[in-house]
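Below is one structure; the comments refer to it alone.
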């Protein structure tokens with residue numbers, strides 16, 4: 026986010042707008058990576074008898090339960106009026122999807138309500154950071170940074186209560202260790 030916001034006080038319209046920005050950014054990035062011209066993308070609900078490319082967000086058809094091959098739907102962008110279409114993955118050999126994931130799909134949508142996917146682009150990672158080993162060694166061992174000491178990190182995952190007590194004893198144990206070891210970073 027480039028501006029201040031109040032966590033959990035955002036309106037539905039603000040959340041929708043940010044999700045749309047993310048979808049547009051990911052769509053552009055994925056099209057560049059597979060050398061697909063953005064003008065070749067079709068709306069998710071546009072009927073076609075030949076394979077076409079569409080972009081959308083993965084949605085689980087059921088309101089509860091895990092996503093599976095039978096419950097996958099594709100939600101289009103605002104440009105597509107947020108249409109939802111069924112996504113048939115029977116012809117895709119392997120995939121790993123989660124609700125909210127932005128994907129490119131090449132497939133046939135014969136009636137405008139169901140896309141039979143032929144190819145699925147599940148997202149492409151951004152380029153990795155390219156810091157030289159010499160620079161990393163300098164950061165970790167030079168007197169210029171951290172006084173020549175290694176960065177100390179403590180990470181802990183909750184729940185921070187036990188099954189028979191809500192007194193947060195595990196959390197207090199973590200805080201005791203933080204006070205004793207004085208890490209540079211605490212990740213909860």
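In the working numbering, the protein residues as written are 26 to 213.
Beta carbons: idealized from backbone N, C-alpha and C, even for Gly.
Taking C-beta to C-beta, are residue 146 and residue 59 nearer than 8 Å?
By 1-based counting over the chain shown, the position of residue 146 is 121. By 1-based counting over the chain shown, the position of residue 59 is 34. Taking C-beta atoms as the reference points, residue 146 and residue 59 count as a pair closer than 8 Å.
With distances taken between CB atoms, is the gap from residue 132 to residue 71 smaller than 8 Å?
Locating residue 132 in the chain shown gives position 107, where the first residue counts as 1. Locating residue 71 in the chain shown gives position 46, where the first residue counts as 1. A distance of 8 Å or more separates the beta carbons of residue 132 and residue 71.
Please state whether the Cβ-Cβ distance between residue 82 and residue 114 is less than 8 Å.
One-based indexing of the chain shown puts residue 82 at position 57. One-based indexing of the chain shown puts residue 114 at position 89. The criterion of a C-beta distance shorter than 8 Å is not satisfied by residue 82 and residue 114.
Determine the direct distance from the alpha carbon of residue 185 to that of residue 171, and round the result to whole angstroms.
Here the question's residue 171 lines up with position 146 in the chain shown. Here the question's residue 185 lines up with position 160 in the chain shown. Cα to Cα, residue 171 sits roughly 30 Å from residue 185.
For residue 77, which residues does DSSP report across the bridge?
Along the chain shown, read from residue 1 onward, the residue named residue 77 stands at position 52. The partner list for residue 77 (beta bridge, DSSP) reads 132.
Verify whether the separation of the beta carbon atoms of residue 177 and residue 152 is less than 8 Å.
Counting from 1 along the chain shown, the entry for residue 177 is found at position 152. Counting from 1 along the chain shown, the entry for residue 152 is found at position 127. At a Cβ-Cβ threshold of 8 Å, residue 177 and residue 152 do not count as neighbours.
With DSSP as the reference, label residue 142 as helix, strand or coil.
Against the chain shown, residue 142 aligns to sequence position 117. DSSP, read as helix, strand or coil, puts residue 142 in strand.
From the DSSP output, in three-state form, read off residue 113 for me.
Numbered from 1 along the chain shown, position 88 holds the residue referred to as residue 113. Strand, per DSSP.
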